[in-house]
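Novice: In the numbering used here, each number is its position in the sequence shown, counted from 1, plus 323.
The structure under discussion is supplied below as structure tokens; questions concerning it will follow.
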Amino acid sequence: MVRSGIVLGAFAGLLACPAFAADVLVDGRPPPSGSPVYGAEPMIAADVGLGLGYFWWDDDNSRYDYETGEVWGAGRINFQIGGGGLNQELEVSGLAGFVDDSYYSYGAFSHSYWKSPAAAAGLLLGASNIAGYGALTAGAEAAVFMPSATLVGLLAHTWGDDGLPDFWTASGEGRWYWNPNTKLTGTVTYNDLNDAWMLSAGAEHRIAGTMAGIFADATYYTNDTGNGWELFAGGRLFFDKPGQTLQGHDHDVPFAAARAITF
Numbered sequence: 324m325v326r327s328g329i330v331l332g333a334f335a336g337l338l339a340c341p342a343f344a345a346d347v348l349v350d351g352r353p354p355p356s357g358s359p360v361y362g363a364e365p366m367i368a369a370d371v372g373l374g375l376g377y378f379w380w381d382d383d384n385s386r387y388d389y390e391t392g393e394v395w396g397a398g399r400i401n402f403q404i405g406g407g408g409l410n411q412e413l414e415v416s417g418l419a420g421f422v423d424d425s426y427y428s429y430g431a432f433s434h435s436y437w438k439s440p441a442a443a444a445g446l447l448l449g450a451s452n453i454a455g456y457g458a459l460t461a462g463a464e465a466a467v468f469m470p471s472a473t474l475v476g477l478l479a480h481t482w483g484d485d486g487l488p489d490f491w492t493a494s495g496e497g498r499w500y501w502n503p504n505t506k507l508t509g510t511v512t513y514n515d516l517n518d519a520w521m522l523s524a525g526a527e528h529r530i531a532g533t534m535a536g537i538f539a540d541a542t543y544y545t546n547d548t549g550n551g552w553e554l555f556a557g558g559r560l561f562f563d564k565p566g567q568t569l570q571g572h573d574h575d576v577p578f579a580a581a582r583a584i585t586f
């Protein structure tokens with residue numbers, strides 16, 4: 324979430340595609356139906372999250388560092404469309420700094436995609452406000468689901484309002500599940516707005532048998548104007564079928580683009 328007057332975007336390359344799914348099958352078949360990923364899916368699944376963070380930025384063009392506390396919130400809901408693998412996911416997210424005249428960003432995104440037990444691919448559309456500038460986004464995204472890991476990729480173009488240049492974004496995320504309710508994540512993001520990079524690592528745990536979970540992550544940002552760090556911690560509430568796991572929920576609601584595009 325690098326700001327310094329304008330948003331720090333993202334990129335890393337579209338990592339996943341449905342054709343790769345054949346490589347994660349066992350003897351030509353997905354894992355048994357008892358797998359936390361490949362069980363029966365609910366018609367509707369959703370989550371909401373809230374986090375507090377600390378952001379520090381070293382501006383190469385200034386003698387002074389910039390630092391602030393932050394608050395972040397997000398919500399997602401996924402609908403199955405018929406029974407043929409089509410899905411519609413809606414996502415909203417927002418972030419603001421605590422200091423006077425600080426940055427803020429918020430956005431709403433639509434993920435329309437097809438999904439099989441082993442892969443998903445579809446279209447991203449979004450509208451956002453980045454530090455006071457309006458923006459529209461369109462792109463493609465995909466995911467590959469493996470027995471203990473998931474790869475997710477995004478490639479998108481954003482058209483900025485007057486004062487915010489157009490930019491390309493690509494992001495790649497890897498999720499590794501230590502157990503069905505605990506995951507570690509790593510994300511590499513780049514965009515061509517100020518030659519910006521975002522490198523993030525995090526962890527999340529869902530309390531077994533409940534709808535609650537906690538998360539924490541650390542992110543390094545760098546672009547043509549400087550570099551900085553961000554630390555975040557918070558919680559999520561999951562709305563899904565009884566007994567669902569974190570890994571199963573991530574399969575039911577697989578995409579999140581707001582951080583890569585607006586933060």
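Built from N, CA and C at the ideal position, the CB exists for glycine as well.
Since the structure is predicted, the reported quantities are computational estimates derived from the model, not experimental observations.
1) Using DSSP with H/G/I as helix, E/B as strand and the rest coil, what is residue 466?
2) Just to confirm the assignment, what range does the alpha helix (DSSP H) spanning residue 571 have?
3) Compare the C-alpha of residue 382 against each of 364, 405 and 552 and name the closest.
4) Any idea if residue 421 is buried or exposed, counting beta-carbon neighbours within 10 angstroms, 16 or more meaning buried?
5) Take the Cβ of residue 366 as the centre, count every other Cβ of all protein chains shown within 10 Å, and call the residue buried at 16 or more, exposed below.
6) Could you tell me how far apart the beta carbons of residue 417 and residue 449 are, in whole angstroms, since I believe they sit closer than 8 Å?
7) Do you know offhand how far residue 575's Cα is from residue 368's?
8) Considering only the alpha carbon of each residue, which of 399, 463 and 379 lies closest to residue 373?
9) Which two residues bound the contiguous beta strand (DSSP E) that contains residue 505?
10) Pick out whichever of 507, 454 and 489 has its Cα sitting closest to the Cα of residue 474.
11) Output the distance between the C-alpha atoms of residue 526 and residue 468, rounded to the nearest integer angstrom.
12) Mapping DSSP to helix, strand and coil, what is residue 400?
13) Would you mind stating whether residue 550 and residue 517 have Cβ atoms separated by less than 9 Å?
14) Alpha helix (DSSP H) containing residue 584: first to last residue?
15) If you run the structure through DSSP and keep just helix, strand and coil, what is residue 438?
16) Helix, strand or coil for residue 537 per DSSP?
Specialist: Answer, in terms of the structure:
1) For the purposes of this step, residue 466 is identified with residue 143 of the sequence shown, where counting begins at 1. DSSP, reduced to helix, strand and coil, places residue 466 within a strand of the structure shown.
2) Within the sequence shown, numbered from 1, the residue matching residue 571 stands at position 248. Here the alpha helix (DSSP H) through residue 571 covers 569-575.
3) Counted from its first residue, the sequence shown places residue 382 at position 59. Out of 364, 405 and 552, 552 has the C-alpha closest to the C-alpha of residue 382.
4) As a position in the sequence shown, residue 421 is number 98, starting the count at 1. When all chains shown are included, residue 421 counts as exposed.
5) Counting from 1 along the sequence shown, the entry for residue 366 is found at position 43. Exposed: under 16 other Cβ atoms inside 10 Å.
6) By one-based count along the sequence shown, residue 417 stands at place 94. By one-based count along the sequence shown, residue 449 stands at place 126. With 8 Å as the limit, residue 417 and residue 449 do not qualify as a contact, their Cβ atoms being about 13 Å apart.
7) For this step, residue 575 is matched to residue 252 along the sequence shown. For this step, residue 368 is matched to residue 45 along the sequence shown. CA-CA distance, residue 575 to residue 368, rounds to 7 Å.
8) Reading the sequence shown from its first residue, position 50 is the one you call residue 373. Comparing Cα-Cα distances from residue 373 to each of 399, 463 and 379, the minimum goes to 399.
9) The residue labelled residue 505 in the question sits at position 182 within the sequence shown. Counting along the chain, the beta strand (DSSP E) containing residue 505 begins and ends at 505-514.
10) Working through the sequence shown from its first residue, we reach residue 474 at position 151. Among 507, 454 and 489, the Cα nearest to that of residue 474 is on 507.
11) The count along the sequence shown starts at 1 and reaches residue 526 at position 203. The count along the sequence shown starts at 1 and reaches residue 468 at position 145. Rounded to the nearest angstrom, the two C-alpha atoms are 18 Å apart.
12) By 1-based counting over the sequence shown, the position of residue 400 is 77. In the three-state scheme derived from DSSP, where H, G and I count as helix and E and B as strand, residue 400 is classed as strand.
13) Sequence index remark: in the sequence shown, residue 550 carries index 227 (1-based). Sequence index remark: in the sequence shown, residue 517 carries index 194 (1-based). Result no, Cβ atoms of residue 550 and residue 517 do not sit closer than 9 Å.
14) Reading the sequence shown from its first residue, position 261 is the one you call residue 584. Counting along the chain, the alpha helix (DSSP H) containing residue 584 begins and ends at 581-585.
15) Taking the sequence shown and counting its residues from 1, the one referred to as residue 438 is at position 115. In this structure, residue 438 counts as strand in the three-state DSSP scheme.
16) Taking the sequence shown and counting its residues from 1, the one referred to as residue 537 is at position 214. In the structure shown, residue 537 sits in a strand (DSSP, three-state: E or B).
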